[in-house]
Amino acid sequence: MDAIILQILNGLDKGSAYALIALGLTLIFGTLGVVNFAHGALFMIGAFCAVTLSRLLSLSHEVAIPGQVDFLGNPATRDVPYVFDIFGEALGSSIIDWAVPLSILFAIPIMILVGVIMERGLIKHFYKRPHADQILVTFGLAIVLQEIIKYYYGANPIPTPAPEAFTGSFDFGALIGFEPNTIIYPYWRLVYFAFAAIIIGAVFAFLQFTTFGMVVRAGMADRETVGLLGINIDKRFTIMFGLAAAVAGLAGVMYTPINSPNYHMGMDFLVLSFVVVVVGGMGSLPGAVLAGFLLGILESFASMREVIDIIPGINQVIIYLVAIVILLTRPRGLMGRKGVMED
Amino acid sequence: MFGLNKKDASLLLIVAGLVAFAPFLLNPFPEGSAMAQFNAGYPDLMQRFVIFGIFAIGFNILFGLTGYLSFGHAAFLGVGSYAAVWMFKLLSMNVLPAIVLAVITAGAFALIIGYVSLRRSGIYFSILTLAFAQMSFALAYSVLTPITGGETGLQLALDDPRILESASASEGNIPVPGLFGLEMRDSFEMVMGSWVFTFNFGYYFCAVIMLIAFYLSIRIFRSPFGMMLRAIKSNQQRLNYTGVNPRPYTLAAFVISGMYAGLAGGLMASMDPLAGAERMFWTASGEVVLMTILGGVGTLIGPVLGAGMIKYMENIISKINSDILHGWFAFLPDGLEDLVVTMIYPFIGKGWHLTLGIVFMLVVIFLPGGLVEGGQKLANLFGRKKADNPKSASTEPAE
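Chains A and B are the protein sequences, given in the same order.
Just add 85 to the spot in the first sequence (first one is 1) and you have the numbering used here.
Just add 590 to the spot in the second sequence (first one is 1) and you have the numbering used here.
If you want it as structure tokens, here you go:
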């Protein structure tokens, strides 16, 4: 029993990332009808927003330490981050410590901007073109974005730690009445899951309970009619694209302490996220979220030692295997709507 | 000629001529000159031109004719490579059985994957092929290590059985692949003044196979079968209504294109007898998509052009470094020189992928027909008749 709970917990953080990316992909697909292969790159850009902010915050200048000299006789110096000058040492160091969560505020405007520029500058021109062209041009864009990041940040992963308060693990088992030390779970993964749940809830609430969301949903159902009613649906869809970009970016920001960001992390996640979207059903938001968590948890179960001993290599292929089976037995995916992408 | 009409026959002859004289054509700059680094006439690169040409020709039979976008084609290339290397290990270093087995294995593999994947179309088909290819990659990398060599890749060893030629293996060197005594790496260098031209047996072997593959693809394009594939691309539903089941045709196209990929993989292993799982990774599948689109999807010559261009860029652009750039722009005033070099630097050397991505995006946005369409537009611009341009002769409307 405790092993099962542990695996479910382990699957949650990866599943959260899949669900968030798949949610954004589905939002874009459902509103604009575009298959966005550059969505993984948005996830990566989000992660590098966190890297950038933590670098900006630790920018420092040298300050002489009074009364001390180094071995050459010059006054000894130490690096003092500029943040210390502004906020004082105690607050400054905790700001640096909390760089990753702070990056959320930093990343939202950037990601929305990136998304809107992408939609207005490139994807707008591809609505009328076949899906294959959309896949190809966004694939090209993904390569370009990835290479730009690689040029400025290098090819190696950049460790970006979580705040001190969340670095450890805690005994989840003792909390729910199991033997101590059976279910140990890192704090940050729980934070990530909670964060993902909040974002997903917020997106759904936004679509369900606001006028804007209502219009967007109406546009998803019948774009032409909404346009004929005198509503500027294109503008709203552009904003939705920005929102989807922000969701992917935030997923990336918070993922940095779990996996050090590198320039190809977007592509790694993109392939899996597409599988997730297809399993969930193209165009279905709940399907994307459900499939994301489901596949994340399945993947974590498949990497249990007991399972690998029976079927070697299953942990590598389980997601693809499930995708193949689902696509062949339920062609629309788990919760796919009728009439979406059926050519 | 060979059952081709006049236009196709002249296209085939032109390609044959270009391929035969490639060692001259790709080495236009004298040895030791500043431009010598743009020479592409060395055997390794020329082999890659024709091998990836074969790969892209095969991919085009599937994507160009039926419109099914496979994102997992590299799996067949990888399987072909493994099969060929196993043949070298077990049977003999002769390349013929290796290549035959590579084609057959890749074809069988494509039959299985195609049978399952072709039940769906559109993006679902792309995802299914991608899933299969990633699965093959993951398995080759981990569980199938006894067959595939895992991370190190499959290599030849001294104690391989090689039942047909066990005697020659006793010399203490790992033998090299060859064709009835002629080794693939045999080269003949011709020095003409300051030019050096290399004629490599392996290259010409690949080139002959590429020409055969190209000829077959012309025949497929012009056959009733090819017509049927185009009908599937333009309107599958109408085809269903007329009582035609498109599945056997698409499956045949998928298997043929998988066999082309296997052939390319087998040749790759014949030129350099090792095979690694990274050949099956999905970026490798993406590369052949790039080649086909860049050259011109649905055209005969396009994929070959695209493959040549990408491989040329990969090898030549990635060799340029900042010193060379400084050399080129030395005539500019100092500050301006540095500025120009800084602006160009991200696009060269290790950044060649960036150049590739940008070129690819520009092609998809402005030239959906690829380089072939670009050539046509240029030809029209200069007011020549269409038929004068060899590229346009081969073009079919992509729809």
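Positions of the beta carbon are idealized from the N, C-alpha and C atoms, including for glycine.
Taking 8 Å as the threshold (beta carbon to beta carbon), is residue i in contact with chain A?
i                : result
Met725 (chain B) : yes
Val894 (chain B) : no
Ile938 (chain B) : no
His663 (chain B) : no
Ala721 (chain B) : yes
His916 (chain B) : no
Phe645 (chain B) : no
Ala950 (chain B) : According to the sequence displayed, residue 950 (chain B) carries Phe and not Ala. So, interface residue.
Could you give the distance in angstroms between the alpha-carbon of residue i and the alpha-carbon of residue j?
i                : j                : result
Gln153 (chain A) : Val338 (chain A) : 41 Å
Ser540 (chain B) : Gln637 (chain B) : What the structure shows of chain B is the stretch from 591 to 989, and residue 540 (chain B) is not part of that stretch, so it cannot be assessed.
Met545 (chain B) : Val229 (chain A) : This structure cannot speak to residue 545 (chain B), because chain B is shown only from 591 to 989.
Leu413 (chain A) : Pro242 (chain A) : 38 Å
Ile910 (chain B) : Pro620 (chain B) : 18 Å
Tyr831 (chain B) : Asn825 (chain B) : 10 Å
Pro416 (chain A) : Leu841 (chain B) : 19 Å
Phe628 (chain B) : Ser716 (chain B) : 36 Å
Ile948 (chain B) : Thr873 (chain B) : 16 Å
Leu857 (chain B) : Asp598 (chain B) : 26 Å
Thr735 (chain B) : Ala102 (chain A) : 30 Å
Phe211 (chain A) : Leu117 (chain A) : 10 Å
Leu105 (chain A) : Ala281 (chain A) : 7 Å
Thr985 (chain B) : Val962 (chain B) : Here Thr985 (chain B) scores only 47 on pLDDT, less than 50, and its place in the model should not be relied on; the value that follows carries that caveat. Cα-Cα distance, rounded: 8 Å.
Pro246 (chain A) : Thr252 (chain A) : 8 Å
Asn617 (chain B) : Trp785 (chain B) : 8 Å
Phe47 (chain A)  : His146 (chain A) : Here chain A covers residues 86 to 428 and nothing more, so residue 47 (chain A) does not appear.
Phe795 (chain B) : Leu635 (chain B) : 14 Å
Just to confirm before moving on: does the CB-CB distance between residue i and residue j stay below 8 Å?
i                : j                : result
Ile409 (chain A) : Glu384 (chain A) : no
Leu127 (chain A) : Val222 (chain A) : no
Pro936 (chain B) : Tyr236 (chain A) : yes
Ala696 (chain B) : Phe649 (chain B) : no
Gly398 (chain A) : Val733 (chain B) : yes
Pro166 (chain A) : Ser143 (chain A) : yes
Thr788 (chain B) : Pro687 (chain B) : no
From the DSSP output, in three-state form, read off residue i for me.
i                : result
Leu681 (chain B) : coil
His146 (chain A) : strand
Val332 (chain A) : helix
Ile243 (chain A) : coil
Ser711 (chain B) : coil
Arg417 (chain A) : coil
Thr832 (chain B) : coil
Gly118 (chain A) : coil
Glu174 (chain A) : helix
Thr656 (chain B) : helix
Ala161 (chain A) : strand
Leu746 (chain B) : coil
Leu608 (chain B) : helix
Gly768 (chain B) : strand
Gly152 (chain A) : strand
Phe619 (chain B) : coil
Asp307 (chain A) : coil
Glu741 (chain B) : coil
Phe614 (chain B) : helix
Leu601 (chain B) : helix
Phe255 (chain A) : strand
Pro751 (chain B) : coil
So, is the C-beta of residue i closer than 8 Å to a C-beta in chain B?
i                : result
Ala408 (chain A) : yes
Asp353 (chain A) : no
Gly304 (chain A) : no
Ile243 (chain A) : no
Gln401 (chain A) : yes
Tyr348 (chain A) : no
Tyr103 (chain A) : no
His216 (chain A) : yes
Asp428 (chain A) : In this prediction, Asp428 (chain A) has a pLDDT of 47, which is less than 50 and means its spatial position is unreliable; what the coordinates show is noted afterwards. True, the Cβ-Cβ gap to chain B drops below 8 Å.
Val392 (chain A) : no
Pro416 (chain A) : yes
Glu360 (chain A) : Note on residue identity: the sequence assigns Val, not Glu, to residue 360 (chain A). Answer yes: the Cβ-Cβ gap between Val360 (chain A) and chain B drops below 8 Å somewhere.
Ile208 (chain A) : no
_Uninterrupted alpha helix (DSSP H) stretches inside the segment 890-927 of chain B (no shorter than 4 residues)_ = Taken in chain order, the whole alpha helix (DSSP H) runs of length 4 or more contained in the segment 890-927 of chain B are 892-906, 912-918.
*In chain order, which continuous runs of the alpha helix (DSSP H) of length 4 or greater are located wholly inside the segment 777-824 of chain B?*
The qualifying runs are 791-812, 814-824.
*Could you give the uninterrupted runs of the alpha helix (DSSP H) lying entirely in the segment 259-303 of chain A, keeping only those of 4 residues or more?*
Taking only runs of at least 4 residues, the alpha helix (DSSP H) segments lying wholly in the segment 259-303 of chain A are 272-294.
_What ranges does the beta strand (DSSP E) occupy inside the segment 829-875 of chain B, keeping only unbroken runs of at least 3 residues that lie completely in it?_
Counting whole runs of 3 or more residues, the segment 829-875 of chain B contains no beta strand (DSSP E) stretch at all.
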